[in-house]
Structure formats: C-alpha cells, structure tokens
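*Asks:*
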Amino acid sequence: MASMAQPMAANLVQSVDWLAIAPPTIAAVVGLVVLVADLFTGDHKKALLGWLSVAGLAASTAMLLPLLDGDRATFCLTGAPDVCSYTADRFTVILQLLVLGGALLAALLSVTALKDADKGLPEGEYWFLLLSSAAGAALLPASRDLATLIVALEVASLPAFALVGLRHGDRKSSEAALKFFLSSVTATAVSLMGVSFVYASTGTLYLTQIADRIQNVDSQLHTLAQTGVVLTLVGFAFKTAAVPFHFWVPDTYVGAPLPIAAYLSVVGKAVGFSGLILVTVVALPSYADVWGPALAALAALTMTVGNVGALRQQPTRAYSAVRLLAWSSVGQAGYLLVPIAAAAYSDDAERSIGSTVAYALMYAAVNLGAFAVAALVGRTRALNRLTDYRGLYASNPLAALLLAFFLLCLAGLPPGIIGLFAKVTVFSAAVDAGLGWLAVVMAANVVIALFYYLQWTALLFRAPEGEPARHRIPAPLTAAIALAGVLGIALSGAPQLILRFTDTGLF
13 MASMAQPMAA
23 NLVQSVDWLA
33 IAPPTIAAVV
43 GLVVLVADLF
53 TGDHKKALLG
63 WLSVAGLAAS
73 TAMLLPLLDG
83 DRATFCLTGA
93 PDVCSYTADR
103 FTVILQLLVL
113 GGALLAALLS
123 VTALKDADKG
133 LPEGEYWFLL
143 LSSAAGAALL
153 PASRDLATLI
163 VALEVASLPA
173 FALVGLRHGD
183 RKSSEAALKF
193 FLSSVTATAV
203 SLMGVSFVYA
213 STGTLYLTQI
223 ADRIQNVDSQ
233 LHTLAQTGVV
243 LTLVGFAFKT
253 AAVPFHFWVP
263 DTYVGAPLPI
273 AAYLSVVGKA
283 VGFSGLILVT
293 VVALPSYADV
303 WGPALAALAA
313 LTMTVGNVGA
323 LRQQPTRAYS
333 AVRLLAWSSV
343 GQAGYLLVPI
353 AAAAYSDDAE
363 RSIGSTVAYA
373 LMYAAVNLGA
383 FAVAALVGRT
393 RALNRLTDYR
403 GLYASNPLAA
413 LLLAFFLLCL
423 AGLPPGIIGL
433 FAKVTVFSAA
443 VDAGLGWLAV
453 VMAANVVIAL
463 FYYLQWTALL
473 FRAPEGEPAR
483 HRIPAPLTAA
493 IALAGVLGIA
503 LSGAPQLILR
513 FTDTGLF
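The sequence shown: position 279 = 291 (the working numbering), numbered continuously.
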C-alpha cells in the first residue's frame, strides 16, 4: 500500500519553473521587502525605498530577456502537461514588458512626486502598493485559467484603489478612489458571475479546455454558456474603460497622484486588454459571433465618446490637461478594441491580436511621456490647465518639443511616425476583417482627435503671457521623459520592428 502511495504522491508534486515566473515574483518580493524596510527606515532615508522599488522593477523587466528564447510553462495538470495555469510565451513576454516598463516609468515619476508631496503621501505604503499592483498586472498575461486570471486582475486592481485615494485629507482623491472602487467591484462581480456560468457549462477553468468543450455544450446549457460569455465581456469592458463603463476615468485621473494616473492609463489598460484577448480569442473562439459584434460596437462607441469628451475640454478649466489625457485614453481604448473585434471575423486572428499589441506598445511609450511632461508642468502650476502650457517652449524647449512629439504620435501625424504606423495597422486589421464601417468610424475619430491634439501642440509654441515659468527638472523626472522620448523616436525611425516583435505566438 505504501509503495502505491509513493508514486501517486510523486505525481502530485510539481517542479516550478522559477525563471518563467521570475518577473512578477521579483516585483512581489521587492514589494514585501519595501514594506518591512519601511518599519526600520527613518524619515530622512525614506527616499531609499523609492530607489529600491525602481531597482526591483528594473530587475523584473530585465528577467524578461531570458524568456525571449522560447515558450515556457509551469503549474500544469499532471495528466495533461500541455494544460497549464502559467505560460510564458511570446504574447506574455511582450505584455509583461509593456506592464513592467510602464510601472518602471511611473515609479520614476513617483520618486519626484513623493518628494514634492513633502510627507503628504506615505512612502512605504505607496511603494508597496505600486509593486503589488505591478506584480498582479505582470501575472495576468501569463494566466491560462480563469481562476488565475481573476486573481491576477484583482491583485492588479485592489492596490490601485488605495493608490488613488492615498492622499490623506484630500476630498478629491477620496472621491476618485470611491468611484474607481465601486466601478471595479461591479466589474469583478459581473466577471465572476460570467466565469461561474462558463465553468458550470464546461466543467473546467483552463482556457484551452474551455475552447474545446464549449463547442459541445449540452443544449440545455447553451443559454447559460452564452450568458456567461456576455457577462465576462462586460466585466472586462469595465477594466478597459470602454464606453459606457468609462464614467470613473476622468475624475479618477484628476484625483489620483499624477504618476498613478499615468500608471492606470497604460498598465491598467494593458491588464484589461490582455485579459480580454485571453478570454475571447483563446477561450471562446467558437463564440466569435457573440463577442465579435459586441466588441465592434463597443470600439465605435468608445472612440467616439472619448474623442468628443476630449474635444469639449475648456483650456482654462482646472486640471483640463489631465482631463484631456483621460478622455484621450478612453478614445485610444476604442482603437485598441478594433483589432480584437476584427479577430472574430479574420482568418488570421493572430495578426489582428498583433495589431492590438503593437498599438498598445506605441500608446504606452508616448502616453507615459505626455504624463511625464504634465507632471513637470504640474510642479509649478498645480491646477495643470491647458493654458498653463502656453509658451512652454520659451521656458523649456526640450520638454515642449518632446510633448509636441508625444501628442503628434497620439494623433498619428509625422514626425510621430510610430503613431501613424500603429493607426494604419489597426485600420488595415478592420478592413481585412470586412469591418469597413468600423474603419470609417475610426477615420472620422482620427480627424476629431487631430483638432484637440494640434490645439494643445500649438499652445506650446505661442508667446507666453508674462514672464515664462522656469521648470527645473529633477533627475528621476528627466529620466522618465528621456526614456519615453528615446523609445518613441527610435520606434518612429524603425516602426517595422514593432510588428516583428509583436508576432505573439498565441496560437
């Protein structure tokens, strides 16, 4: 009896591929180290926690390099080694690069923001929450079962609620955190209900097994499966800030510390979109007739509402620059949804998904750069209005030129070649999938967006009113702006590298 039990026990013991799970693990471990170190660090040495966090995120990002060689997987079923909970394939590595790189830039912005806050933000808690959220965001693209997917989603989201409302005694910050919390909790509840319906219909949580079994669901469970698909999509639509689930975005971005708004605009979106891709294209390809039209309609609605919202911002209104970036991010989410919707109609779904990932990489670099310059201006102009950017070229020519470049990239105009390239890639994905009407809607929205991006760009080079404000740039802020600028310029010089890099290998 004992001899039989030993082989059975051996089958249940798994060897963990530590290299595969290293990127999110390092971020999580450094977060715990920062939390403990905060207890023993005096106030005059709190800045060291920030640099430790930056180093941890840099190490997490560097650990992606060994994973470029081939696919790795761990936490697999003992009887089916190809069915795993964690997979480090090309898709995973690219999105983990986006997430951890975005978190690293947000951390560089945070070093300056925390110093300027002068103890208005608790540093130990701030860094622990940021690293925890980054660890969850890095785990999500690697998740290949619904349980891990939902857990990763919440590990990424829950610390973000606290980060938004971390300013003590700030009513605006507390209101933003409450709106963000309520919308995300609703999204999670809807997602969990959808996941439970899919599990009840298929009897499994693994994405590849769901893809096989959901095609042969008993006729009595067919309605339950369809409902599960729709509810799961609705839950992720909240996370991606798709209209009409976008209402939390402007107030949350204004109320949050600016580095956290930048983090949410890029990393938060990457989390939502990577989860949406895994659920639709990997787990539910046979239900493309359900999620394809739904995502196409959401894409058209999201880009239109987002761009019109950005267009309506008054330059003299308080925080109008941050609000414009918030509404712009909603509009950009609509563009990101287009290739995912196209994957439902295309014969080459992997190419469509590659278009979304390529656009996300472009958007991440230039949007973080725009937020970095906004953080610079916000150091001397606390209300961060669009009018505060008038004459920026006179006081800080390099920052003005880089912000102009970032805005032109978002608009899709030269010299922002990478922005134009990404938009053409998304546009062609819609046309190739036969979604001509969606391509027309996208073209109209690109024209709308040109107006407010160019209006902001023109302000930078107008004559300043009165004496131009001088903007001294601290080293961490300089590094963040420079990194975003170098990445955007390099990709504009060789945009074809993005498509080669974003050959996702998801199928």
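Just so it is clear, CB atoms sit at the ideal spot from N, CA and C, and this is done for glycine as well. As the structure is a prediction and not an experimental result, all values here were calculated from the model.
(1) What first and last residue would you give for the alpha helix (DSSP H) that runs through A295?
(2) Exposed or buried, K57, counting other C-beta atoms within 10 Å across all chains shown (16 or more means buried)?
(3) Suppose you measure from the CA of L243 to the CA of L410; what does that come to, to the nearest Å?
(4) Under a three-way DSSP split, which group does T198 fall into?
(5) Quick one: what's got a C-beta closer than 6 Å to F140's C-beta in the same chain, skipping five residues either side?
(6) Tell me, please, which residues DSSP counts as bridged to D224.
(7) Along the chain, where does the beta strand (DSSP E) that runs through R84 open and close?
(8) Tell me the rounded alpha-carbon separation between I289 and A146.
(9) Go ahead and label K435 buried or exposed: buried means 16 or more other beta carbons lie within 10 angstroms of its beta carbon, across all protein chains shown.
(10) Does V28 come out as helix, strand or coil in the three-state DSSP assignment?
(11) Which whole runs of the alpha helix (DSSP H) in the stretch 85-153 are 4 residues long or more, in chain order?
(12) In angstroms, rounded to a whole number, what distance separates the CA positions of V28 and M75?
(13) Can you tell me whether P507 sits near the ligand ADP, meaning its C-beta is under 8 Å from at least one heavy atom of the ligand?
(14) Between which two residues does the alpha helix (DSSP H) carrying G534 extend?
(15) Classify S504 as helix, strand or coil using the three-state DSSP reduction.
(16) Return the chain-ordered list of same chain residues with a C-beta closer than 8 Å to the C-beta of I501, the five sequence neighbours on each side being excluded.
(17) Do S340 and A461 have their C-beta atoms closer together than 9 Å?
(18) Just the Cα atoms here: how many angstroms apart are L175 and D359?
(19) Please check the pair P327 and L420, which I expect to be a contact at CB under 8 Å, by giving their CB distance rounded to whole angstroms.
(20) Taking just the CA atoms, how far does V210 sit from S332?
(21) Quick test of the definition: if touching needs 3 or more C-beta pairs under 8 Å, does the stretch 340-356 touch the stretch 310-321?
(22) Mind checking who Y218 pairs with in its DSSP beta bridge?
(23) Check whether the stretch 458-476 touches the stretch 421-428, counting contact only when three or more Cβ pairs, one atom from each stretch, lie closer than 8 Å.
*Replies:* A quick look at the data gives this:
(1) Your numbering for residue 295 matches position 283 in the sequence shown. First-last for A295: undefined, no H or E at that position.
(2) Locating residue 57 in the sequence shown gives position 45, counting from the first residue. Exposed, because fewer than 16 other Cβ atoms sit within 10 Å of the Cβ of K57.
(3) Mapped onto the sequence shown, residue 243 falls at position 231. Mapped onto the sequence shown, residue 410 falls at position 398. Going from the Cα of L243 to the Cα of L410 covers about 47 Å.
(4) Taking the sequence shown and counting its residues from 1, one reaches residue 198 at position 186. Helix.
(5) For the purposes of this step, residue 140 is taken as the residue at position 128 of the sequence shown. These residues qualify, in order along the chain: G43, V46, L47.
(6) For the purposes of this step, residue 224 is taken as the residue at position 212 of the sequence shown. D224 pairs with nothing; no bridge assigned.
(7) For the purposes of this step, residue 84 is taken as residue 72 along the sequence shown, with counting starting at 1. From DSSP, the beta strand (DSSP E) with R84 extends over 84-88.
(8) Residue numbering aside, residue 289 sits at position 277 when the sequence shown is read from its first letter. Residue numbering aside, residue 146 sits at position 134 when the sequence shown is read from its first letter. Looking at the two C-alpha atoms, the distance is approximately 19 Å.
(9) Indexing the sequence shown from 1 puts residue 435 at position 423. So K435 counts as buried.
(10) If you number the sequence shown from 1, residue 28 lands on position 16. Reduced to three states, the DSSP call for V28 is coil.
(11) Entirely contained in the stretch 85-153, the alpha helix (DSSP H) runs reaching 4 residues are, in chain order, 102-129, 135-151.
(12) For the purposes of this step, residue 28 is identified with residue 16 of the sequence shown, where counting begins at 1. For the purposes of this step, residue 75 is identified with residue 63 of the sequence shown, where counting begins at 1. In a straight line, the C-alpha of V28 is about 16 Å away from that of M75.
(13) This structure lacks the ligand ADP; in fact it carries no ligand of any kind.
(14) Limits of the chain in this structure are 13 at one end and 519 at the other, which puts residue 534 out of reach.
(15) As a position in the sequence shown, residue 504 is number 492, starting the count at 1. Residue state, collapsed to three classes: helix.
(16) Stepping through the sequence shown from its first residue, residue 501 is reached at position 489. For I501, where only same-chain residues beyond five positions count, the Cβ hits under 8 Å are F417.
(17) In the sequence shown, the residue the question calls residue 340 occupies position 328. In the sequence shown, the residue the question calls residue 461 occupies position 449. Going by C-beta atoms, S340 is nearer than 9 Å to A461.
(18) Here the question's residue 175 lines up with position 163 in the sequence shown. Here the question's residue 359 lines up with position 347 in the sequence shown. Each residue's alpha carbon lies about 42 Å from the other.
(19) Within the sequence shown, numbered from 1, the residue matching residue 327 stands at position 315. Within the sequence shown, numbered from 1, the residue matching residue 420 stands at position 408. Going by Cβ atoms, the distance from P327 to L420 rounds to 19 Å, so no, they are not a contact pair.
(20) Position 320 of the sequence shown, counted from the first residue, corresponds to residue 332. Position 198 of the sequence shown, counted from the first residue, corresponds to residue 210. S332 and V210: Cα-Cα distance of roughly 42 Å.
(21) Yes, the stretch 340-356 is in contact with the stretch 310-321.
(22) Translated into positions along the sequence shown, residue 218 becomes position 206. Partner(s): D157.
(23) Yes: the two stretches touch, three or more of their Cβ pairs being nearer than 8 Å.
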